[in-house]
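Engineer: Line by line, the protein sequences give chains Z and C. Quick note, the numbering used here runs 707 ahead of the 1-based positions in the first sequence. Quick note, the numbering used here runs 10 ahead of the 1-based positions in the second sequence. We put the beta carbon where it would ideally sit given N, CA and C, even for glycine.
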Amino acid sequence: MTVKFNNRDPVYVQVIRHFKEQIAKGFFEPGQEVPSRRELANQLKINPNTAQRAYKEMEEQGLIFTEGNMPSCITRDEAVLKSVREELIIEAVDLFLGSIKSIDVPLSEVLKLVEKKYEAESGETEESK
Amino acid sequence: MIEVKNVNKKYGRKQVLKDLSFTAKKGEITCLIGINGVGKTTIMKAIMALTPINGGEILIDGEKIRKDSFEKITFIPDTITMLPQMKIGEAFTFMADFYKSWNPQRAEELLQFFKLDPTERIANLSKGNTAKVNMLLGLALDVDYLLMDEPFSGIDMFSREQIAEVFTSHLIEERGVILTTHEISDIEHLIDKAVLIDNGEVLKEFSVEEVREREGKSVVDVMREVYRG
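(1) Select from C:132, C:239, C:15, C:156 the residue whose C-alpha is nearest the C-alpha of residue 67 of chain C.
(2) Considering only their Cβ atoms, is the gap separating residue 169 of chain C from residue 203 of chain C smaller than 8 Å?
(3) Could you tell me the alpha carbon to alpha carbon distance between residue 9 of chain C and residue 830 of chain Z, rounded to whole angstroms?
(4) Name the residues in the segment 753–782 of chain Z whose C-beta lies less than 9 Å from a C-beta of chain C; which are they?
(5) By the criterion of Cβ-Cβ separation under 7 Å, what are the contact partners of residue 228 of chain C in chain Z?
(6) Can you name the residues that DSSP bridges to residue 211 of chain C?
(7) Taking 8 Å as the CB-CB limit, is residue 745 of chain Z close to chain C?
(8) On a Cα-Cα basis, can you pick out the residue from C:70, C:206, C:179 that is closest to residue 191 of chain C?
(9) Count Cβ pairs between the segment 124–144 of chain C and the segment 90–106 of chain C that sit closer than 8 Å; are there 3 or more?
(10) Any C-beta of chain C sitting closer than 8 Å to the C-beta of residue 718 of chain Z?
(11) Helix, strand or coil for residue 836 of chain Z? Go by DSSP, reduced to three states.
(12) State the CB to CB distance for the pair residue 148 of chain C and residue 36 of chain C, rounded to an integer number of angstroms; the pair is presumed to be in contact (CB under 8 Å).
(13) Output needed for residue 236 of chain C: all residues of its chain with C-beta closer than 6 Å, excluding positions within five of it in sequence on either side, in chain order.
(14) Is there a Cβ from chain Z that is less than 8 Å from the Cβ of residue 200 of chain C?
(15) Taking residue 107 of chain C as part of the alpha helix (DSSP H), name the residues at either end of that continuous run.
(16) Cβ closer than 8 Å: which chain C residues qualify as neighbours of residue 748 of chain Z?
(17) Beta-carbon within less than 6 Å of residue 836 of chain Z's beta-carbon, same chain only, minus the 5 sequence neighbours each way: which residues are those?
(18) Given residue 759 of chain Z, which residues of its chain have a CB within under 6 Å of its CB, disregarding the five upstream and five downstream residues?
(19) Residue 59 of chain C by DSSP, collapsed to three states: which one?
(20) Count the other CB atoms within 10 Å of the CB of residue 802 of chain Z; is the residue buried (16 or more) or exposed (fewer)?
(21) Under a CB-based cut-off of 8 Å, is residue 39 of chain C close to chain B?
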């Protein structure tokens, strides 16, 4: 697991985003155990306090849960899992719209281009950024 | 917690620390940032009582430094202090003789981690490996606080990555670390707190995650504002 972090967003927010992406992609399955705080810090090369903060936040958002002294797991709550996927899609679309609007292109032209590019790219290997 | 309160320090007529204050918590990595010659090393020496101060006070967990404090706090200078003709293993014995807090198990673990050979003479080590041994000698002490002077300067990229990895591991966890650096970009993600220093004064002291969260700024962004703004 390697993640490229930027220096301007809080690292814990970037860690949560990484988890959401993994959940949306189905890489993390419902109920799957997540690495311990210490393992996560080590894998992602981040400060253990930051890993702790990310887990605390994800717990509050219902993305992960911990029972007693057991390791934390990805939620089994279908509604939460669905909303994670939706949230990421909407975010990406909003971002796209923002940049496309600033150059004033008609929707039909954009959609055609999106379709064409999307099909061409899914032929190649799918790589998350 | 280490509290540096209104510390003044003069070398002759030259005032090198001016009413300097900051704190460093246990369980956090605090980074003193500033170009060469702003007083970073002097601050560390002052905390360790290796140099007298001309005013102010320094407290470690609420107490002034005493003889037995050195079992609780250690200083890793930027050059190794062991005799060059010693083998790494001999340096371990030396440390064990001097410090009750020396943890031979951890020393062994670190030896493996850094892939060092204990029969090697310190004088024959590369610069990167010398830095690793130096680091190891401090990390293998069961102390609450570690002060590290420029742990990343002048060593190759891979050694630097390896040393940085120490900061994400249980070797540092729960302990308080103060480190100095003039090149922050490599380790921005690793630190909890930054203290920007210039001319013996603290220009700004901040939690790096908080500044990212509130202002969307990286440590380098803040430095640019503070030093050049």
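Structural biologist: Once the coordinates are examined:
(1) Counted from its first residue, the second sequence places residue 67 of chain C at position 57. Considering only alpha carbons, the answer is C:15.
(2) On the second sequence, position 193 is the one that residue 203 of chain C refers to. On the second sequence, position 159 is the one that residue 169 of chain C refers to. Not a contact, by the Cβ cut-off of 8 Å.
(3) The question about residue 9 of chain C has no answer, for chain C in this structure spans 11 to 239.
(4) Result list: 753, 754, 755, 756, 757, 758, 760.
(5) Your numbering for residue 228 of chain C matches position 218 in the second sequence. In chain order: 714, 715.
(6) Here residue 211 of chain C refers to the residue found at position 201 of the second sequence. Residue 211 of chain C has C:208 as its beta-bridge partners, per DSSP.
(7) Mapped onto the first sequence, residue 745 of chain Z falls at position 38. Yes, contact with chain C.
(8) Taking the second sequence and counting its residues from 1, the one referred to as residue 191 of chain C is at position 181. Checking every option, the nearest Cα to that of residue 191 of chain C belongs to C:206.
(9) A contact is defined here as three or more CB-CB pairs under 8 Å, and the segment 124–144 of chain C meets this definition with respect to the segment 90–106 of chain C.
(10) Numbered from its first residue, the first sequence carries residue 718 of chain Z at position 11. Chain C contact via Cβ: present.
(11) Locating residue 836 of chain Z in the first sequence gives position 129, where the first residue counts as 1. Interpretation of residue 836 of chain Z is limited by its pLDDT of 45, a score under 50 that renders its predicted location unreliable; the figure taken from the coordinates is listed afterwards. Three-state result, residue 836 of chain Z: coil.
(12) Position 138 of the second sequence, counted from the first residue, corresponds to residue 148 of chain C. Position 26 of the second sequence, counted from the first residue, corresponds to residue 36 of chain C. About 16 Å separates the beta carbon of residue 148 of chain C from that of residue 36 of chain C, a gap too long to meet the 8 Å contact definition.
(13) For the purposes of this step, residue 236 of chain C is identified with residue 226 of the second sequence, where counting begins at 1. Around residue 236 of chain C: 206, 213, 214.
(14) Looking up residue 200 of chain C in the second sequence gives position 190. At a cut-off of 8 Å between beta-carbon atoms, residue 200 of chain C makes contact with chain Z.
(15) Against the second sequence, residue 107 of chain C aligns to sequence position 97. Its alpha helix (DSSP H) spans residues 98–108.
(16) Working through the first sequence from its first residue, we reach residue 748 of chain Z at position 41. Within chain C, the residues near residue 748 of chain Z are 178, 179.
(17) In the first sequence, counting from the first residue as 1, residue 836 of chain Z sits at position 129. Below a pLDDT of 50, predicted positions are generally treated as unreliable, and residue 836 of chain Z, at 45, falls in that range; no measurement from the model is reported.
(18) The residue labelled residue 759 of chain Z in the question sits at position 52 within the first sequence. Non-local C-beta neighbours of residue 759 of chain Z in its own chain, meaning closer than 6 Å and more than five positions away in sequence, comprise 744, ordered along the chain.
(19) Residue 59 of chain C sits at position 49 when you count from the first residue of the second sequence. Coil at residue 59 of chain C, not helix or strand.
(20) To locate residue 802 of chain Z, count along the first sequence from 1; it is residue 95. With fewer than 16 Cβ atoms within 10 Å of its Cβ, residue 802 of chain Z is classed as exposed.
(21) Reference to chain B is not applicable here, since the protein chains of this structure are Z and C.
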